[in-house]
Amino acid sequence: MEFLYDIPVLGFVFQLLGYIITAVATTNLAPQTLQLATPVALGALCGVMNERSGIVNIGIEGMMLTAAFVGFMAAMLVDQAMPDAAPGFFGATPALVVGVLAAIGAGMLVSALHAWLSISVRADQIISGTVINIMAIGLTGYLNRLIKPQGSAGTFATFHPPDELINLPVVGWIFRMFLQVGPISMSVLILVIVLQVLLFRSRWGLRTRAVGEHPRAADTVGIDVIRLRYRNVILGGVFAGLAGAWLTLEFNASFQNGMTANRGFIALAAVIFGRWTPLGAFGGALLFMASESLGVAIRSNPPPGDLGIWLSGLQAQFPSIYNNFFSALPYVLTIIVLAGVVGRSVAPAAVGQPYVKEGAS
Amino acid sequence: MNTLRRLYALSIIPVVSIVLALLVGSVLIILSSPASQGHLDFLLPLTAYEALIEGATGFSFLNVDPAQHLSFAISFDGTLAARALTNTVAAAAPLVLTGLAVGVGFKAGLFNIGGTGQVLVGGFAAALAGAAVAHQPAPIAVTIAVICGALGGALWGFIPGALKAFTGAHEVVLTIMLNSLAALIIVGLVNDVFKISGPTFARTAGVGNATLPILFGRNGSLGVLIALAVVPIAYTLIYRTTLGFEIRTVGANPSAARYAGMSPRKLIILTMTLCGLFSGLAGTIEILGLGYYPAVFGTSIGFTGITVALLGRAHPVGILLAAILLGAMRAGAPSMQITAHIPLEIIDVIQGLILLFLAAELVIRRLLRIRADRVTPGELKSVARSYGQGNV
Chain A
88 MEFLYDIPVL GFVFQLLGYI ITAVATTNLA PQTLQLATPV ALGALCGVMN ERSGIVNIGI
148 EGMMLTAAFV GFMAAMLVDQ AMPDAAPGFF GATPALVVGV LAAIGAGMLV SALHAWLSIS
208 VRADQIISGT VINIMAIGLT GYLNRLIKPQ GSAGTFATFH PPDELINLPV VGWIFRMFLQ
268 VGPISMSVLI LVIVLQVLLF RSRWGLRTRA VGEHPRAADT VGIDVIRLRY RNVILGGVFA
328 GLAGAWLTLE FNASFQNGMT ANRGFIALAA VIFGRWTPLG AFGGALLFMA SESLGVAIRS
388 NPPPGDLGIW LSGLQAQFPS IYNNFFSALP YVLTIIVLAG VVGRSVAPAA VGQPYVKEGA
448 S
Chain B
5 MNTLRRLYAL SIIPVVSIVL ALLVGSVLII LSSPASQGHL DFLLPLTAYE ALIEGATGFS
65 FLNVDPAQHL SFAISFDGTL AARALTNTVA AAAPLVLTGL AVGVGFKAGL FNIGGTGQVL
125 VGGFAAALAG AAVAHQPAPI AVTIAVICGA LGGALWGFIP GALKAFTGAH EVVLTIMLNS
185 LAALIIVGLV NDVFKISGPT FARTAGVGNA TLPILFGRNG SLGVLIALAV VPIAYTLIYR
245 TTLGFEIRTV GANPSAARYA GMSPRKLIIL TMTLCGLFSG LAGTIEILGL GYYPAVFGTS
305 IGFTGITVAL LGRAHPVGIL LAAILLGAMR AGAPSMQITA HIPLEIIDVI QGLILLFLAA
365 ELVIRRLLRI RADRVTPGEL KSVARSYGQG NV
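Line by line, the protein sequences give chains A and B.
Take our numbering: the final residue in the first sequence is number 448, and no numbers are missing along the way.
Take our numbering: the final residue in the second sequence is number 396, and no numbers are missing along the way.
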């Protein structure tokens, strides 16, 4: 292998590949990828729930932001009321659990607004999503400045699987990736599989897909299009709420204005990349955010050899550009993938079109 | 008479939305008053909005004595009013441009929420060009810097336009990604390449003679004239030229446009470039007013442009009026924060509420028994249709 490293220019590519393989096997690159992908994956599940039922949702970003704020505030208040509660499994305190529930509730509430605007009011769904995004930025920014939260309820703890499991040769990193993470990240895999099975193997899934593809036909066989759409959009808010909870109760222990950093929109790209399937969208989220976690790894633990020397030279000369390059990778990757894949990826046929029952006005 | 009816039909929903937003906003101000005042203050919205109006126009109609008693007292100070109105106009100018950047996109059925990135790239390009020509005679320096800023914004609109036209990727996600990208790239470049030594914070070199000349007041610069000049240009372009006709046709019905021999692909690229150009100009007048590009340049004019465009019904004249209103809110907000201790961010909340009521048009019509009219711009209803539909 090592002789490949000496090829000019191309050698860097092999060095990077070698670094990734070593990093996956020995460092936290794999669990970090799942962790960073969590909000995007959850946001994408919200998107799948919406778009499979024929509703465009570009308000995921705002839903996540609202949920992050509400969850954080609720957890902080409970924490102040009972500061001595002993942490349980995953470091869960009553405050954190209440925070997660509050975040989910907030996600569902904002989703209910989106459902009402898109289904009943029949507003343009992209405008409705924009309303939610702008409202979320305004309201959370206003309340955050007004309340100036002091302290926090902390975060969930990362689970530590048995050493024998994660140190297994060749496959150890897989266990680390899915087990050596916080509870919300861990729940993602389960949620993805459950939603994938339900969507393609259950009566609810069949009906949802019918409503998203051809609501008129679904209506004629007795499916209540309006009710199913309402239910799915509001349930989708659960995922956006969990994504928000991840931001302030698992990954960070604080709330900052605009902390979602467009993850809700990367989630939309993940939905398209995954062709509107939960499993595919999860793959998209992992792909987009792997670049960020690789950046984190390289910055904290630079690769050895020529590549490392070259990178640290760059870092010394252009520290800000160097840092921002890695932060920008998920956005660049999203643009490239979106531009490359979308022409061959077909959305549910009725997406974006409000449904009007025959005979009604 | 007919014109009046038409005006009424066009403006009733925006006006009702603004009033409802202010009402709901005042409920929020009352509910959150314990956090800002220490007790539930039912008169707080009144003092807050009064401070807002005073900050934006210099016109005051309330008097609060030391014992917190309110009395109505109309006062008007010419100097104060001139300063306040100049602030309002200066704040409105970039909003006219970012509003057009969204509104013109709507005409073609495109939703350009990339205003933020286009503003940054435009402003950055103007700052670099301005620094390069800083010692040329002012008319030449300003012209070159403004053109470069507009072109920078146009580039940041062209990219998503071309990507959408050739790959079918939706412009909403593309432009949002480009917003983040522009911010990261420019911050990196300012910090590492274009930073000048001297100031305590990272910023580019001064633009010297390319600084926009002040025409009136303390900050009424040439930028105001530029923004005002673009309104009739945009109107003529959209409603009086073949290109404008083609843009509107593509927005109303892409297949009809194709059968009529127009190229939706070309029009999408052109429209997005044009939208970027408008946003770029907005960033340009902000930066050339400031005189340099600071690494930390947080601006919300790109996002506010969405509210401006929707409130102005995507019509150049409506956008001008909406921009003046939102400019007044931005100009008056600091005085509201000082007088009534309400965070500036309440402006964003009210903006969101205005949008909410605009989106809920059908509900407002039913509640107030306003009949649907035939002049409602249909363009606004067609944005979501294009979502996920792949190639154009």
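Heads up, the beta-carbon is just placed ideally off N, CA and C, and yes, glycines get one too.
Please read all numbers here as calculations on a predicted model, not as lab measurements.
Quick one: give me the first and last residue of the beta strand (DSSP E) that residue i is part of.
i, result
"B:F76", "74-80"
"B:L47", "Here B:L47 belongs to no beta strand (DSSP E), and DSSP marks it neither H nor E."
"B:L219", "218-220"
Hey, quick one: how far does the alpha helix (DSSP H) through residue i stretch, first residue to last?
i, result
"B:I163", "142-171"
"B:L273", "The question names Leu, yet the displayed sequence has Ile at residue 273 of chain B. 268-294 is the extent of the alpha helix (DSSP H) around B:I273."
"A:F287", "270-288"
"B:L182", "175-193"
"A:F101", "97-113"
"A:F159", "147-168"
"A:W260", "259-266"
Against chain A, does residue i count as a neighbour if the rule is that its beta carbon must be under 8 Å from one of theirs?
i, result
"B:S36", "yes"
"B:S40", "yes"
"B:S184", "yes"
"B:G392", "Residue placement at B:G392 is flagged as unreliable, the pLDDT there being 47, under the threshold of 50; a coordinate-derived value is accordingly withheld."
"B:F307", "yes"
"B:F115", "yes"
"B:I310", "yes"
So what's residue i in DSSP terms, helix, strand or just coil?
i, result
"A:L293", "helix"
"A:F90", "helix"
"A:N388", "coil"
"B:N67", "strand"
"B:I117", "coil"
"B:P298", "strand"
"A:A124", "helix"
"A:R209", "coil"
"B:S225", "strand"
"B:R317", "coil"
"B:R207", "strand"
"B:R378", "Residue confidence is low: B:R378 scores 48 on pLDDT, short of 50, so the model does not pin down where it sits. Its coordinate-derived value is still stated next. Coil."
"A:D171", "coil"
"A:H247", "coil"
"B:H345", "coil"
"A:G370", "helix"
"A:A436", "coil"
"B:R244", "helix"
"B:V396", "Because B:V396 carries a pLDDT of 37, less than 50, the predicted location of this residue cannot be relied on, and no value is offered for it."
"A:E445", "coil"
"B:N213", "helix"
Could you confirm whether any beta carbon from chain B is found closer than 8 Å to the beta carbon of residue i?
i, result
"A:L276", "no"
"A:L355", "yes"
"A:F405", "yes"
"A:F342", "no"
"A:F326", "no"
"A:L336", "no"
"A:M222", "yes"
"A:I422", "yes"
"A:F352", "yes"
"A:L103", "no"
"A:R209", "yes"
"A:L188", "no"
"A:A415", "yes"
"A:R316", "no"
"A:I234", "yes"
"A:I321", "no"
Can you give, in chain order, each stretch of the alpha helix (DSSP H) that sits fully within the region 293-362 of chain A and has at least 4 residues? The alpha helix (DSSP H) runs lying completely inside the region 293-362 of chain A and spanning 4 residues or more are 302-307, 312-332, 350-360, given in chain order.
Are the region 311-323 of chain A and the region 431-446 of chain A touching, with three or more C-beta to C-beta distances below 8 Å? Contact between the region 311-323 of chain A and the region 431-446 of chain A is present, because at least three Cβ pairs lie under 8 Å.
Does the structure place the region 96-114 of chain A close enough to the region 239-255 of chain A that three or more beta carbon pairs sit under 8 Å? No: fewer than three Cβ pairs fall under 8 Å.
Hey, is the region 324-331 of chain A in contact with the region 185-201 of chain A, meaning 3+ C-beta pairs nearer than 8 Å? Result yes; three or more Cβ-Cβ pairs closer than 8 Å.
Within the chosen definition, does the region 84-100 of chain B reach the region 111-125 of chain A through at least 3 CB pairs nearer than 8 Å? Contact between the region 84-100 of chain B and the region 111-125 of chain A is absent, with fewer than three C-beta pairs closer than 8 Å.
Would the region 95-114 of chain B count as touching the region 318-335 of chain B if we require 3 or more Cβ pairs under 8 Å? Between the region 95-114 of chain B and the region 318-335 of chain B, the count of C-beta pairs closer than 8 Å reaches three or more; the two stretches touch.
Pair every Cβ in the region 239-249 of chain B with every Cβ in the region 151-169 of chain B, then say whether three or more of these pairs are closer than 8 Å. No, the region 239-249 of chain B does not touch the region 151-169 of chain B.
Quick one, which residues of the region 222-242 of chain B are near chain D if we go by CB-CB under 9 Å, in chain order? Absent from the structure is chain D; the protein chains it does hold are A and B.
Three or more C-beta pairs below 8 Å linking the region 341-359 of chain A and the region 264-272 of chain A: The region 341-359 of chain A vs the region 264-272 of chain A: no contact.
The region 172-180 of chain A in contact with the region 240-248 of chain A per 3-pair CB rule at 8 Å: Flag = yes, the region 172-180 of chain A and the region 240-248 of chain A touch.
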